[in-house]
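Chemist: Quick note on the UniProt record's numbering: the sequence shown kicks off at 1 and runs consecutively. The following block contains the structure, expressed as structure tokens.
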Amino acid sequence: MKRLGFVAALGLGALLMSGCDARDAMRFGWPEGITPQAQKMGDLWTWSVIAALVMGILVWALIFWTITFHRANDAKKGVFPRQTAYNVPLELTYTAIPFVIIAVLFYFTVIVQNDVEGKNDDSKVVVDVTAFQWNWKFGYNKVIFSDGSTYDGFEAAGNPFEVQGQVSGGAESEHAGGSDHGGEHGELPGPAGGRDDDVRDYLKFDKIETVGSSSEVPVLVLPTGKRIEFNIASADVIHSFWVPEFLYKRDVMPFPKENSTDPIFQIGSIDRTGAFVGRCAEMCGTYHSMMNFEVRAVSPEDFDSYIRFRQSNPEATNAEALAAICQAPEAVSTVPFDTRRDGGGKVGATGNPDDPTLANCTKKES
Ligand SMILES: [Cu+2]
Numbered sequence: 001m002k003r004l005g006f007v008a009a010l011g012l013g014a015l016l017m018s019g020c021d022a023r024d025a026m027r028f029g030w031p032e033g034i035t036p037q038a039q040k041m042g043d044l045w046t047w048s049v050i051a052a053l054v055m056g057i058l059v060w061a062l063i064f065w066t067i068t069f070h071r072a073n074d075a076k077k078g079v080f081p082r083q084t085a086y087n088v089p090l091e092l093t094y095t096a097i098p099f100v101i102i103a104v105l106f107y108f109t110v111i112v113q114n115d116v117e118g119k120n121d122d123s124k125v126v127v128d129v130t131a132f133q134w135n136w137k138f139g140y141n142k143v144i145f146s147d148g149s150t151y152d153g154f155e156a157a158g159n160p161f162e163v164q165g166q167v168s169g170g171a172e173s174e175h176a177g178g179s180d181h182g183g184e185h186g187e188l189p190g191p192a193g194g195r196d197d198d199v200r201d202y203l204k205f206d207k208i209e210t211v212g213s214s215s216e217v218p219v220l221v222l223p224t225g226k227r228i229e230f231n232i233a234s235a236d237v238i239h240s241f242w243v244p245e246f247l248y249k250r251d252v253m254p255f256p257k258e259n260s261t262d263p264i265f266q267i268g269s270i271d272r273t274g275a276f277v278g279r280c281a282e283m284c285g286t287y288h289s290m291m292n293f294e295v296r297a298v299s300p301e302d303f304d305s306y307i308r309f310r311q312s313n314p315e316a317t318n319a320e321a322l323a324a325i326c327q328a329p330e331a332v333s334t335v336p337f338d339t340r341r342d343g344g345g346k347v348g349a350t351g352n353p354d355d356p357t358l359a360n361c362t363k364k365e366s
């Protein structure tokens, strides 16, 4: 009993001294997300662990009860113990109970999964995401502003070279660094899976786009508190759209129809402002690990100003539009891959992701 008390005190002490509060402890290691879906998945995880712990404690108690009170001793030596096989009611009970347990877990899993995968027509922002080796292009397909007015940003569907009316083969040309150049889209290099360029008719092009380059991490600006739809497509190989803080990722496929995939998913909202790193989560080639982007969640008012700024300043870069709403013009949660070998390996985030606003800055009227 003394030893048991010591172990319990040790466990409690370790828990208290690790400095995590009750909420953290109840999360049982589940990371904190920034969407209502992430919250629901966390709740499912918490309750599943509690159910497993209840079952675990019951089993441990039975084991310790047996080994404590039913040990072999001299009196029982050579005596054949009482047999309980073929007890039909008992066997039915312990077959039924696990079935009930998995049925309950399955029920709540389906409820949460349906919410995570759920879609409706209430999205206030529709983003076209195009992944390509090795970067991202984000376009604003549709925005419903806070005052209820709608901005339709969709320009065309089709392969990048056709849309621009250019001859293909310009893969060496530089991307416009994180910017939109008034209808001139950043080129998406390379054919997909050996197919001709002109079959990539599922790719979408918008009036306002942000294209990442080797020297600039693309920053996708989104509002907090609004439902957001992502329409993801790959121009070449399979990539994966992953914002760790959404606690969600989805493979980005080329030819979504032929590959029988659903390229659209939604999040209920982003619950707080800040900068959140995004990554490619599908091994897609040499520079896969450098295929980063950033989600910059800003207030709905700032988001409206941002879109209006980019609407009325089509020549301005994304960095200039960010600065116009007093946001750090470049990604703060990650940095572009340093191709110089003398960089000393000092690659890390450069700013404060919790507050990427610019100090002493006045917002521009658009
Ligand atoms: Cu990738």
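Note that beta-carbon positions come from the ideal geometry of N, C-alpha and C, so glycine has one too.
Does the separation of the CB atoms of Trp134 and Tyr287 fall below 7 angstroms?
Modeler: Yes, the Cβ-Cβ distance between Trp134 and Tyr287 is below 7 angstroms.
Chemist: Any heavy atom of ligand 1 closer than 6 angstroms to the beta-carbon of Met291?
Modeler: Yes, ligand 1 has a heavy atom inside 6 angstroms of this Cβ.
Chemist: Could you tell me whether the region 350 to 363 touches the region 320 to 339, using the rule of 3 or more Cβ pairs below 8 angstroms?
Modeler: Yes: the two stretches touch, three or more of their Cβ pairs being nearer than 8 angstroms.
Chemist: When you compare only the Cα positions, how much space is there between Glu209 and Phe138?
Modeler: Going from the Cα of Glu209 to the Cα of Phe138 covers about 5 angstroms.
Chemist: Per DSSP, Met277 is paired with what?
Modeler: The amino acid at residue 277 is misidentified as Met; the sequence shows Val. According to DSSP, which records beta bridges pairwise, Val277 is partnered with Glu294.
Chemist: Classify Ile270: buried if its beta carbon has 16 or more other beta carbons within 10 angstroms, exposed otherwise.
Modeler: By the neighbour-count rule (16 or more Cβ atoms within 10 Å), Ile270 is buried.
Chemist: My understanding is that Ala128 touches Lys204, with C-beta atoms under 8 angstroms, so please give their C-beta distance in whole angstroms.
Modeler: Rather than Ala, the amino acid found at residue 128 in this sequence is Asp. The Cβ separation is near 4 angstroms, so the contact holds.
Chemist: Using only alpha-carbon positions, find the residue among Phe303, Phe99, Ile228, Gly11 that is nearest to Ile125.
Modeler: Before going further, note that residue 125 is Val rather than Ile in the sequence given. Closest option to Val125, Cα to Cα, is Ile228.
Chemist: Going by C-alpha to C-alpha distance, which of Val7, Thr130, Pro36, Cys326 sits closest to Val252?
Modeler: With distances taken between Cα atoms, Val252 lies closest to Thr130.
Chemist: So what's Asp128 in DSSP terms, helix, strand or just coil?
Modeler: In this structure, Asp128 counts as strand in the three-state DSSP scheme.
Chemist: For Met55, count the other beta carbons within 10 Å of its own beta carbon; 16 or more makes it buried, fewer makes it exposed. Which is it?
Modeler: Result: exposed.
Chemist: Thinking Thr261 and Ser299 are a contact (beta carbons under 8 angstroms), I'd like their distance in whole angstroms, please.
Modeler: Actually they are not in contact, since the Cβ atoms of Thr261 and Ser299 sit about 34 angstroms apart, beyond 8 angstroms.
Chemist: Assuming Phe80 contacts Val49 (C-beta within less than 8 angstroms), just tell me the rounded distance between them.
Modeler: Not quite, the Cβ-Cβ distance comes to about 41 angstroms (not below 8 angstroms), so this is no contact.
Chemist: Give the DSSP bridge partners of Val143, in chain order.
Modeler: Val125, Tyr151, per the DSSP bridge assignment.
Chemist: Classify Leu44 as buried or exposed, calling it buried when 16 or more other Cβ atoms lie within 10 Å of its own Cβ.
Modeler: Leu44 should be labelled buried.
Chemist: Could you give the DSSP three-state label for Asn87: helix, strand or coil?
Modeler: In this structure, Asn87 counts as coil in the three-state DSSP scheme.
Chemist: For Glu32, I'd like the list of residues in its chain whose CB is within less than 7 angstroms of its CB, leaving aside the five on either flank, ordered along the chain.
Modeler: Here the set comprises nothing.
Chemist: For Gly118, which residues in the same chain have their Cβ closer than 6 angstroms to its Cβ, ignoring the five residues on either side in sequence?
Modeler: Answer for Gly118: no residue qualifies.
Chemist: Give me the Cα-Cα distance between Thr93 and Ala85, rounded to the nearest whole angstrom.
Modeler: Cα-Cα distance, rounded: 14 angstroms.
Chemist: Pick helix, strand or coil for Trp288, following the three-state DSSP scheme.
Modeler: Per the sequence presented here, residue 288 reads as His, with Trp not at that position. Helix, per DSSP.
Chemist: So Asp201 is in the alpha helix (DSSP H); what residue range does that whole segment cover?
Modeler: Taken as a continuous stretch (DSSP letters only), Asp201 belongs to no alpha helix (DSSP H), as it is neither H nor E.
Chemist: If I measure Cβ to Cβ from Gly182 and keep anything under 8 angstroms in the same chain, skipping five residues before and after, which residues do I get?
Modeler: Reliability fails at Gly182, whose pLDDT of 32 lies under 50, so the model's placement of it is uncertain and the value that follows must be treated cautiously. Answer for Gly182: Pro314, Glu315, listed in chain order.
Chemist: Can you find a heavy atom of ligand 1 that lies under 6 angstroms from the Cβ of Cys284?
Modeler: Yes, since a heavy atom of ligand 1 falls inside the 6 angstroms radius drawn around the Cβ of Cys284.
Chemist: Given a cut-off of 7 angstroms, decide if Met291 and Phe337 are closer than it, judged by their beta-carbon atoms.
Modeler: Not closer than 7 angstroms, so no.
Chemist: Beta-carbon separation of Glu245 and Ile101 under 7 angstroms?
Modeler: No; because the gap between Cβ atoms is not below 7 angstroms, this pair is not in contact.
Chemist: Three-state secondary structure (DSSP) at Trp134?
Modeler: Reduced to three states, the DSSP call for Trp134 is coil.
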